[in-house]
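54 is the number of the first residue of the sequence shown in my numbering; add one for each residue after it.
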Amino acid sequence: MLSYLHSIIIFLVSSFKFISVLKEKFILKFSSMGKTGLSPLDPSSFSRPELAKVTNISINLNVNFDRKVLSGNAQLTVEKVDQSVEEVILDSIKLNISSIYDVDTKEKLKFDLSELVPEYGSKLTIQLPKEDKNNYKIGIDYETDPEATGLQWLSPKATAGKKHPYLFSQFQPTHARSVIPCQDTPGVKAPYTATISAPQEFTVLMSAIRDDTKELHNGKLSHFVQKVPMPSYLIALAVGVLDSRQIGPRSHVWCEKEIIEECAFEFANTEHQLKTAEELCGPYVWGIYDLLVLPPSFPYGGMENPCLTFVTPTLLAGDRSLANVIAHEIAHSWTGNLVTNRNFEHFWLNEGFTVFIERKIKGRLESSQSQDFDAFTELSQLNETINLMGKNNPLTQLIVDLKGVHPDDAFSIVPYEKGQTFLRYLETAVGGPSEMEPFLRYYFDTYKFQSIDTDKFKDCFLQYFNNKAIAIKDIDWQKWLYSPGMPPVIPDYDKSLALFCDELIDKFSNWNNEGPLPITLEDKSQLSTFQVIYILQKLCEKPSQQITKLQALNNIFDFDNVKNPEIKFRWFRICLKAHWEDKIDPVFNWINVIGRMKFVRPLYRDLYSWEHTKARAIENFKANRQNMMHVSAYTLAKDLHLDE
Ligand code: BES
Ligand code: ZN
């Protein structure tokens, strides 16, 4: 009886152990975050690179403008990380997959495409070939959906030339999966090659080095190589009838021929900015640095696609005043493209660092006053954003929790400006730029070609400055990284360029509309573009102004006819806030042409919050949404409360 009991106990204990081991394995390998199947390492991806990872991508795609699809195949090199796994897991959104196979043996491979989770797509699980190999070459024949979220197919009328269609991509944060089946997490980096076939008259560009173009009887093939391993969100494609002009020893600007002169003028300082960035950050590893100026519907100011930054034509101010966006995208060549956030919860590592470097470039090329003036102006914008989002909103933390929150919904100025404010604070703590800048080079060198999280940065920082600076003991990392709201410490910026502006703002605010406006043409002639932007930014944040006062201001500044979109944008906001009816049509005309969300979203919000324009804003959005890129239509629908 005893021995019987004993064996039952042994059986129970061992089966319990067995179950726990199984459970552990199960949790490690197949657990997912709830029902969604998203990864515990990256809440925005289904892929599980910690089990089997993609180490090389090769795509062959044909561009079909009539059907608005890319079709062909992707060949992925896959390496098992955990030798016991039998599958590789990829991301995809609405890809029409016809077959998956072992490229070497042509053996068909079983695969499973999970149900579509809105905005995240479907988990694609592929059975790896049975034989044991160091790596597997998986071929996937497929075509994209005409509504692919990472592509915009423009009709000829949305281009400058009006004759030919145009295609461009925007993959960050998670839209690569709508064009290429891949591990769409910034935690995975791989080199890529691509062969793209397009009609004869089109130029194909990618975020890679173009190494040859072959004419075919019915089109042409363009071939690209990107040897530096990079995350999927940096793969980029543009196909249009394009012209180019050399603007530096390693740079061309690409755009439609109608605007080539303007572009060559506006971006003439690119090489200076690149050299300055190299002095600060170390060698530029990407070979060429080209710019592509897109049609106006491009949703961002700039996108740091390696070898080929994409920019909005709204940078063409005619006076090179918006070159800081180029400095920003150049800075990403180190911050983001070389050292990459492991997932978008640590997005501040990409953007906060980039703004920090962008301003250092500006400081060197202009002055330390203008470097600080930019920071100070944007701080005001940050304050406005945080008030709008709510001071306790967890999305105003530097490190955010993206479980159940799509990165497109989390996007804001916070990681940019709170991030750069933190770095500026750290810089002061360690003794200034002469201490911080060598550290930055050390940091880039330590983590180049890797994807990291904030802990890695913190370790590197503490290890580097160990014993060097006493003040680092006082840094409240927890508060900076995890508390919502404005930065805990505001640096002591040089405000000399703001003084005169503040004086003018006071004069304007105190003027009771009797007698002449106390701001003159003489005053105006002393202001730089950025000072005018600062003044308008401050007026935007004040309560609404009287229309007659604004008219008087406009008589001096002629805001209605300025080209600079940063000025136009803020002027329009002030006019809407004042309920100035004459400005409604110009606002609608502008937001129906430009797609840059930085301008379009706040203007739509303003139109929505004024009862008089609310219905028209909704109607206008509905009429134009099919001309917008997915991310714009998606976020605007939320801003206008149309998503419920
Ligand atoms: N990488 C961003 C653009 C982006 C971020 C696209 C997240 C999609 C998701 C780019 O470098 C950027 O920050 N652009 C800014 C430039 C500005 C801060 C100088 C922009 O678009 O305005
Ligand atoms: Zn950026």
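For every residue, glycine included, the Cβ atom is placed at its ideal position computed from N, Cα and C.
Query, Result
"CA nearest to the CA of LEU732, picked from ASP576, VAL542, ILE543, GLY568", "Because the chain spans 54 through 697 in this model, residue 732 falls outside it and cannot be assessed."
"Cβ pair count under 8 Å reaching 3, the segment 181-198 against the segment 418-438", "no"
"Cβ distance (whole Å) where PHE99 is taken to contact LYS176 below 8 Å", "4 Å"
"GLU404: CB within 6 Å of a non-hydrogen atom of the ligand ZN", "yes"
"With 16 other Cβ atoms within 10 Å as the buried cut-off, status of VAL141", "buried"
"Whole-angstrom C-beta distance between LEU274 and LYS267, which should lie under 8 Å", "5 Å"
"Rounded distance between the beta-carbons of ILE249 and VAL116, thought under 8 Å", "6 Å"
"Any non-hydrogen atom of the ligand NAD closer than 6 Å to THR688 Cβ", "The ligand NAD is absent from the structure shown, which contains only the ligand BES and the ligand ZN."
"Entirely enclosed alpha helix (DSSP H) segments - the segment 528-575, minimum 4 residues", "530-535, 549-563"
"CA nearest to the CA of THR365, picked from SER374, GLY354, ASN440", "GLY354"
"Per DSSP, the bridge partner or partners of CYS308", "ASP296"
"Collapsed DSSP secondary structure at LEU258 in the structure displayed", "strand"
"Stretch pair the segment 594-602 + the segment 620-640: three plus CB contacts closer than 8 Å", "yes"
"Uninterrupted beta strand (DSSP E) stretches inside the segment 146-212 (no shorter than 3 residues)", "149-155, 164-166, 175-180, 188-196, 204-207"
"Residue of ILE153, ILE644, LEU162 minimising C-alpha distance to VAL653", "ILE644"
"heavy atom of the ligand ZN below 6 Å from THR438 C-beta", "no"
"Sequence-distant residues of its chain with Cβ nearer than 6 Å to ARG298 (five each side left out)", "VAL306, ILE313, ALA317"
"Continuous beta strand (DSSP E) stretch holding ASN115: start and end", "105-117"
"Boundaries (first-last residue) of the beta strand (DSSP E) holding SER597", "Premise fails: SER597 is in no beta strand (DSSP E) and is neither H nor E."
"Backbone secondary structure at HIS270 - three-state DSSP", "coil"
"PHE79 - DSSP class collapsed to helix/strand/coil", "Its pLDDT being 38, under 50, PHE79 is placed unreliably in this model, and the value from its coordinates should be taken loosely. In this structure, PHE79 counts as helix in the three-state DSSP scheme."
"Best match in ALA321, GLU398, ALA384 for proximity to GLY371 [C-alpha to C-alpha]", "ALA321"
"Chain-order list of residues whose beta-carbon lies under 7 Å from that of PHE475 (same chain, five-residue window excluded)", "GLY405, LEU451, TRP533, PRO540"
"Alpha-carbon to alpha-carbon, LEU689 and LYS675", "10 Å"
"Reduced DSSP category for PHE34 - H, G, I as helix; E, B as strand; rest coil", "Residue 34 is absent from the model: the chain starts at 54 and stops at 697."
"Residue from ASN642, GLU567, LEU435, PHE464 whose Cα sits closest to the Cα of ILE543", "LEU435"
"Near the ligand BES: GLU357 beta-carbon under 6 Å from a heavy atom", "yes"
"Cβ contact check for the segment 145-156 and the segment 659-671: 3 or more pairs under 8 Å", "no"
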